[in-house]
Amino acid sequence: MDVSIAEEETTIRPVDFSGPYGVLIDGAVVATDEAFDVLNPADNEVIARAPLATTDHMEQAVGAAKRAFPAWAKLTADQREAYIVEFFEALEAQKEDFITLLSLEQGKPRYSQADFEVNLANPWVPETAKSRLKDVVLEEDDDRRVELRRTPLGVVGAIIPWNYPYLHVLWKTVPALITGNTVVLKPSPYTPLCALRIGELAAQVFPAGVFNIVTGGNELGQVLTEHPDVDMITFTGSTATGAKIMAACARSIKRVTLELGGNDPAILLPDADWRDAVPKVFWAAFGNSGQWCIAAKRIYVHRSFHADFVNAMVEYAKTQKVGDGMDPSSDLGPVNNRMQYDKLRDLFADIKKNEYSVPLGGIIDETHAGNFVPITLVDNPPDDSRVVQEEPFGPVVPILAYDDVDEVVERANDSVFGLGATVWGRDLQGALDVADRIASGNVWINGGQSHPTNAPFGGHKQSGLSVEHGDEGLASHTNNKTVVILKRPAS
C-alpha cells in the first residue's frame, strides 16, 4: 500500500450533510442493505436513517485495519501528524455543519453546548498530533546502553458513548493514529451521525484501512472486543458494560482502556466563597443536562451556609431554560434517549416515594413528545439513598450538609466510583490537602472540569482502567520494547 504523502496539497471535498449515510470500510463509504432510525431527542422525530452494519461489515473493517497497519506504522510520527493536521483542517472547514448535526442528534443546545463541544474537540486534534513518545536511555556506561522504545500495538477498536459523540470520535482515534495504530470505531446507535460524517472526511485524508467506522447494534461491539485481530479496545461508557468488555478482552489478552462511570463529589469547604461558587457549581453539575461522566453528582456544603446555598442554587437554576437544542434561548437540552429518560423517571419515583425534600423540579411532564427532564435539586437526602449512591446521568443532584472536613472526605469517598471531584475553598493549601485525600483520578479546585491536552485522564476504583491523554495516554496505545546494546561484544 502506498501511504506516502503527496507533494501537492490534496483538495478535500466538503461533505454533503443532506446526503445518505454509509459506513467507512477500507477507505470507502459503503451503503448497507438495512438502516435504523436516528431520533431528535427534543421531539423523538426521525432526523436520519443510519446504516445498520452486519457482523460481516465489522469483519471487513477489522481486516482492512489489519492490512493497513504495517505501512501506517512504518511512517514517521511527523508523516502521520501531517495526515492528522489535514484531517483537522477538513473538520474545521465544516464545523458549523457539525455543530448543527450534533445538536440535532444529541439534543444539547446548538448555540452554547454543541458549539462548545466541537470547538473544544477540534483544536485538541493538532495539539495531540504534535505529541511524541521519545526513546528513553535507561542506562549507559562503557559496556552497554539500555533503551526503552515504543512500538504501535496494531488495530485499536474504539467504542464511544452518546453524550459527547463528536468529541469522543477524535479523543479515541487521534492518539491511536499518531502512535502508529489503525482504528475501527463503533459509535453509539443513539448518536452515529457526526461520526459517520467525520468518516466521510477521513476517507479522503487517510490511506485506505487506517480509519474505519461501523454503526449498528450491540452485536458489533461484541465482535470487535472478541476479535483476535484487534489488539486494543478503548471504551467510554457504563461500568457494567466496561466489566463485560474487560472480560471479553481477557480471552485474547488485549490491551484495554476503560473510562467508566462516576459519582463525583463537589465539596464546598467551610471557607468557600459559596456565593461566587453557585453558578460554577451549577454548571459543573448540570452541563450537558448532567449527562457527562465527570459531572458533579453529589454537592457537599458546610452546614453553616447549607440552607443559603440551596436557596441560591434554586434561584440560579430558575434562570436557566430547558428546551429544544435548536432554540437559541435554550440553556439545557433534553436527555438524549428514551432509555436514559426512563431511568430518570424511575429515580424520580423513588425520590417521591421516600418523600425527600425537593426544592426544585422532581416532576417530569410526560405529555411532552421529547425527552425533557427538569432541573432537579434534592435537599439533604440520606447517604444510602439512590440519588446519592447511583450515577443519575441526568439533571438531578442532591445537596448534602456536613459538619467537619474529616466527615465530608469520608462521605465523598464512600463510593465504588473514583473518577473526579471538585473542591472549593479560599485557602488553597487546605483545598489541596482535601484533594489529596479524595480517591479519584482527577480533582479540580475552585473551578469546573477543564482538562489540559497534555494531562492524563482516568479513574480510580470502578471508574476505569488505564488513562487517556497526555504522554501516559499515548503510551497506553503502544508496546514497551527494551533494547540492550552491548558495546563490547564477546569475541
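Residue 236 in our numbering sits at position 236 of the sequence shown, with consecutive numbering throughout. Cβ coordinates follow ideal geometry from the N, Cα and C atoms, glycine included. Everything numeric in this text was worked out from a predicted model, so none of it was measured.
| field | DSSP state of S450 mapped onto helix, strand, coil | value | Here the question's residue 450 lines up with position 450 in the sequence shown. Note: S450 maps to coil in three-state DSSP.
| I438 classed as buried or exposed, judged by whether at least 16 other C-beta atoms fall within 10 angstroms | Residue mapping note: residue 438 aligns to position 438 of the sequence shown, counting from 1. With 16 or more Cβ atoms within 10 Å of its Cβ, I438 is classed as buried.
| query | Can the beta-carbon of N371 be found less than 8 angstroms from the beta-carbon of R345? | reply | Within the sequence shown, the letter at position 371 stands for residue 371. Within the sequence shown, the letter at position 345 stands for residue 345. It is not a contact, given that the beta carbons lie outside the stated cut-off.
| query | In whole angstroms, what separates the C-alpha of L220 from that of D308? | reply | Walking along the sequence shown from the start, residue 220 turns up at place 220. Walking along the sequence shown from the start, residue 308 turns up at place 308. Distance between the alpha carbons of L220 and D308: 50 angstroms.
| query | Do you know offhand how far F235's Cα is from K487's? | reply | Position 235 of the sequence shown, counting from 1, holds the residue named residue 235. Position 487 of the sequence shown, counting from 1, holds the residue named residue 487. The alpha-carbon atoms of F235 and K487 are separated by roughly 44 angstroms.
| query | Can you give the Cα-Cα distance for S450 and D33, rounded to whole angstroms? | reply | Residue 450 sits at position 450 when you count from the first residue of the sequence shown. Residue 33 sits at position 33 when you count from the first residue of the sequence shown. Roughly 42 angstroms separates the two Cα atoms.
| field | Best match in A176, P192, V85 and G242 for proximity to S103 [C-alpha to C-alpha] | value | Here the question's residue 103 lines up with position 103 in the sequence shown. Considering only alpha carbons, the answer is P192.
| said: Which runs of the alpha helix (DSSP H) at least 4 residues long sit entirely within the stretch 263–330? Give them in chain order. | reply: 274–286 and 306–317
| query | Would K297 be called buried (16 or more neighbouring beta carbons within 10 Å of its own) or exposed? | reply | Position 297 of the sequence shown, counting from 1, holds the residue named residue 297. Burial call: buried.
| task | Examine the Cβ distances between the stretch 168–183 and the stretch 267–280 and report whether three or more of them are shorter than 8 angstroms. | result | no
| Between the CA atoms of Q204 and T376 - distance to the nearest angstrom | As a working note, residue 376 is residue 376 in the sequence shown. As a working note, residue 204 is residue 204 in the sequence shown. Between T376 and Q204, the C-alpha separation is close to 45 angstroms.
| Roughly how many angstroms separate the alpha carbons of A28 and V484, rounded to a whole number? | For the purposes of this step, residue 28 is taken as residue 28 along the sequence shown, with counting starting at 1. For the purposes of this step, residue 484 is taken as residue 484 along the sequence shown, with counting starting at 1. Whole-angstrom Cα-Cα distance: 43 angstroms.
| message | Between K186 and L224, how many whole angstroms is the CB-CB distance? I'm expecting something under 8 angstroms. | response | For the purposes of this step, residue 186 is identified with residue 186 of the sequence shown, where counting begins at 1. For the purposes of this step, residue 224 is identified with residue 224 of the sequence shown, where counting begins at 1. Confirmed, about 6 angstroms.
| field | Bridge partner(s) assigned by DSSP for M339 | value | Numbered from its first residue, the sequence shown carries residue 339 at position 339. DSSP lists no partner for M339.
| query | What residues in its chain sit with their C-beta under 6 angstroms from that of W162, if we drop five residues either side in the sequence? | reply | In the sequence shown, counting from the first residue as 1, residue 162 sits at position 162. Taken in chain order, the residues that qualify are S188, Y190, T191 and N336.
| task | Would you mind working out which of H227, E390, D403 and E391 sits nearest V301, comparing C-alpha positions? | result | Walking along the sequence shown from the start, residue 301 turns up at place 301. Nearest option by C-alpha distance: D403.
| How would you write the range of the alpha helix (DSSP H) that D56 sits in, first residue to last? | The count along the sequence shown starts at 1 and reaches residue 56 at position 56. Per DSSP, D56 belongs to the alpha helix (DSSP H) from T55 to K74.
| request: Grab the span of the alpha helix (DSSP H) containing V409 for me, first residue to last. | output: Locating residue 409 in the sequence shown gives position 409, where the first residue counts as 1. That run of the alpha helix (DSSP H) goes V405 to A412.
| said: Check this for me: beta carbons of A31 and G22, under 8 angstroms apart or not? | reply: As a position in the sequence shown, residue 31 is number 31, starting the count at 1. As a position in the sequence shown, residue 22 is number 22, starting the count at 1. Their beta carbons are under 8 angstroms apart, which means A31 touches G22 by this criterion.
| Do the CB positions of G154 and D43 come within less than 8 angstroms of each other? | Here residue 154 refers to the residue found at position 154 when the sequence shown is read from its first residue. Here residue 43 refers to the residue found at position 43 when the sequence shown is read from its first residue. Pairing G154 with D43 gives a Cβ-Cβ distance that is not under 8 angstroms.
| field | As assigned by DSSP and simplified to three states, the class of I5 | value | One-based indexing of the sequence shown puts residue 5 at position 5. Reliability fails at I5, whose pLDDT of 42 lies under 50, so the model's placement of it is uncertain and no value is given.
| request: Classify V205 as helix, strand or coil using the three-state DSSP reduction. | output: Position 205 of the sequence shown, counted from the first residue, corresponds to residue 205. Note: V205 maps to helix in three-state DSSP.
| query | Per DSSP, which one or two residues make a beta bridge with S510? | reply | Residue 510 is absent from the structure shown; the chain starts at 1 and stops at 491.
| message | Helix, strand or coil for R149? Go by DSSP, reduced to three states. | response | Taking the sequence shown and counting its residues from 1, one reaches residue 149 at position 149. In the three-state reduction of the DSSP assignment, R149 falls in the strand class.
| Given A412, which residues of its chain have a CB within under 7 angstroms of its CB, disregarding the five upstream and five downstream residues? | Locating residue 412 in the sequence shown gives position 412, counting from the first residue. Answer for A412: P265, I267, Y300, A421 and I438, listed in chain order.
| task | Tell me, to the nearest whole angstrom, how far the beta carbon of F417 is from that of N181; I am working on the premise that it is less than 8 angstroms. | result | Residue mapping note: residue 417 aligns to position 417 of the sequence shown, counting from 1. Residue mapping note: residue 181 aligns to position 181 of the sequence shown, counting from 1. Contact doesn't hold; Cβ gap of about 29 angstroms is too wide.
| task | Compare the C-alpha of I99 against each of A114, F87 and E89 and name the closest. | result | Start at 1 with the first residue of the sequence shown, and residue 99 comes out as number 99. Closest option to I99, Cα to Cα, is A114.
| R255 - containing alpha helix (DSSP H), residue span | Within the sequence shown, numbered from 1, the residue matching residue 255 stands at position 255. Unbroken run through R255 is the beta strand (DSSP E), R255 to E259; no alpha helix (DSSP H).
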